[in-house]
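K.L.:
One structure is given below, represented as structure tokens, and several questions about it will come after.
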Amino acid sequence: MRRNALALLALAACATPSQPFEGHPVLAAIKFEGNKSIGGSELLSKIATTPTSGFFSKTARYYDADLFSIDEKRIVRWYNQKGFYETKVLDVQEQKDEAGRVTLVVKIDEGRRAKIANMDFQGLDEIPKGEISDINAALPIHAGDWFDEDGYEKAKDVLKEQLKEHGYAQAEINGRVEVAPEAGTAHIWFDCDTGARFHFGKVVVTGNRQIAANEIATATGIDKGQVYSPQAIALAQQRVYNLGTFSGVRVQLEPLGDTPIAAVRVNVREAPF
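With positions in the sequence shown counted from 1, the corresponding number in the working numbering is that position plus 1087.
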């Protein structure tokens, strides 16, 4: 078994192309050193340069130093997105084998990762503290977490969704971040334009022929004057469909007007019997 495995490895090595292309040597592999927080496979997925791949039949890839200098910037940028604002590519070593194939050894100094020191919400003064606490709990990031740009963008989306769930149908969110790399901290501000708080108005039913409109409206579970939420709309659609008498159900808001009233339209298609 051991002899067979060694033989396979030898065959694979022999199958690796070695002929340069337009002066560029075959790139056998890319190795990373110093990348304690981000794996090598993840870093490889973020750059344009790829090493020769395959086992017995390998697809040759070539090393272009000019292209890889751009990839160095991509590596640093990816670290930045993950909250590492001190990251540097210290060195790129080109190690050639006897056939002239190149293995790149990329040495990285990650530096410190920024931690979220504070998250401030602006524009929520009129919302009860208990609701703000619930909204904050739903966010994917909080003070004390490692800063991540994707997490920050996701938090803005979730904050907008949560405000809508609390009745603010026209809520808009902007934000800004101040990073202090030397201190390893990030301060986040969420600028919230909540708009008016909406309540449900009348429920209008269309498409029904045999089932009374008031029965369908009652089945939605939406009461006039109830605080608007997208989840209530989704649940209303499921509840009406669960009546088992319709082949199609669509529950949606009527266009919002100048008054903070969210009228609901229920369109049904009765199933043939």
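Backbone N, C-alpha and C fix where the C-beta goes; we use that ideal spot for every residue, glycine too.
Between the C-alpha atoms of R1352 and Y1172, what's the straight-line distance to the nearest angstrom?
P.N.:
Straight-line Cα distance between these residues: approximately 50 Å.
K.L.:
Out of A1267, V1292, A1256 and T1305, which one is the CA nearest neighbour of F1285?
P.N.:
Minimum Cα distance to F1285 is reached at A1256.
K.L.:
Just to confirm, are I1309 and V1290 a CB contact at a threshold of 7 Å?
P.N.:
Going by C-beta atoms, I1309 is nearer than 7 Å to V1290.
K.L.:
Excluding the 5 residues preceding and the 5 following E1236 in the sequence, name in chain order all residues of the same chain whose CB lies nearer than 7 Å to its CB.
P.N.:
Closer than 7 Å at the Cβ level, and outside the excluded window around E1236, lie Q1168.
K.L.:
Just list the beta strand (DSSP E) runs in the stretch 1306–1351, keeping only unbroken ones of 3 residues or longer that don't cross its boundaries, in chain order.
P.N.:
1333–1340, all fully within the stretch 1306–1351.
K.L.:
Can you tell me the Cα-Cα spacing of S1128 and H1229, whole angstroms?
P.N.:
Approximately 28 Å, taken between the alpha carbons.
K.L.:
Just to check, is the beta-carbon of V1351 closer than 6 Å to a non-hydrogen atom of the ligand GDP?
P.N.:
The model depicted lacks the ligand GDP and carries no ligand whatsoever.
K.L.:
If you run the structure through DSSP and keep just helix, strand and coil, what is G1170?
P.N.:
Coil.
K.L.:
So, using beta-carbon positions, are A1358 and F1333 closer together than 7 Å?
P.N.:
Yes.
K.L.:
Taking Cβ positions, are A1349 and Y1315 nearer each other than 7 Å?
P.N.:
Yes; because the gap between Cβ atoms is below 7 Å, this pair is in contact.
K.L.:
Please check the pair T1136 and F1155, which I expect to be a contact at CB under 8 Å, by giving their CB distance rounded to whole angstroms.
P.N.:
With a Cβ gap of about 5 Å, T1136 and F1155 count as contacting.
K.L.:
Using beta-carbon positions only, say whether T1281 and A1258 come within less than 7 Å of one another.
P.N.:
Yes, these two residues count as a Cβ contact at 7 Å.
K.L.:
Please confirm if the stretch 1111–1127 is in contact with the stretch 1183–1200, defined as three or more CB-CB distances below 8 Å between the two stretches.
P.N.:
Yes, the stretch 1111–1127 is in contact with the stretch 1183–1200.
K.L.:
How far does the beta strand (DSSP E) with N1205 in it extend, from its first residue to its last?
P.N.:
N1205 -> beta strand (DSSP E) spans K1202 to Q1209.
K.L.:
For E1364, collect the residues of the same chain with a Cβ closer than 8 Å to its Cβ; drop the 5 residues on either side in sequence, then sort them by chain order.
P.N.:
Given a span of 1088 to 1360 for the chain in the structure shown, any question on residue 1364 remains unanswerable.
K.L.:
Could you say which of D1207, E1341, N1223 and K1160 lies nearest to R1263 if we only look at CA atoms?
P.N.:
Of D1207, E1341, N1223 and K1160, the residue nearest in Cα terms is D1207.
K.L.:
With 16 other CB atoms within 10 Å as the buried threshold, where does L1096 fall?
P.N.:
Bear in mind that the predicted position of L1096 carries a pLDDT of just 44, short of 50, making it too unreliable to give a figure here.
K.L.:
Opposite L1191 in the DSSP bridges: which residues?
P.N.:
DSSP output for L1191 lists I1117 and E1181 as bridge partner(s).
K.L.:
Thinking just about the alpha-carbon of each residue, which of V1189, D1232, E1248 and I1260 is nearest to the one in G1210?
P.N.:
Of the candidates V1189, D1232, E1248 and I1260, the one whose C-alpha sits nearest the C-alpha of G1210 is I1260.
K.L.:
Quick check: the Cα distance between K1241 and K1202, rounded to an integer number of angstroms?
P.N.:
Spanning the two alpha carbons is a distance of roughly 17 Å.
K.L.:
Does DSSP classify G1288 as helix, strand or coil?
P.N.:
Three-state result, G1288: strand.
K.L.:
Compare the Cα-Cα distances from I1160 to each of D1221, V1336 and K1133 and report the closest residue.
P.N.:
It should be pointed out that residue 1160 corresponds to Lys in this sequence rather than to Ile. If we check each option's Cα against that of K1160, K1133 comes out closest.
K.L.:
Which word fits Q1249, buried or exposed, when buried means at least 16 other C-beta atoms lie within 10 angstroms of its C-beta?
P.N.:
Answer is buried; the Cβ neighbour count reaches 16.
K.L.:
Return the residue from the list D1153, L1131, E1120 and E1218 that minimises the CA-CA distance to H1111.
P.N.:
Closest option to H1111, Cα to Cα, is D1153.
K.L.:
How is the beta strand (DSSP E) around E1259 delimited, first residue to last?
P.N.:
Looking at the DSSP string, the run of the beta strand (DSSP E) that includes E1259 is E1259 to A1267.
K.L.:
Can you say whether A1224 is buried or exposed, counting buried as having 16 or more other CB atoms within 10 angstroms of its CB?
P.N.:
Exposed: under 16 other Cβ atoms inside 10 Å.
K.L.:
Between F1277 and K1311, which are expected to be in contact by the criterion C-beta below 8 Å, what is the C-beta distance as a whole number of angstroms?
P.N.:
No, F1277 and K1311 are not in contact; Cβ-Cβ is about 32 Å, not under 8 Å.
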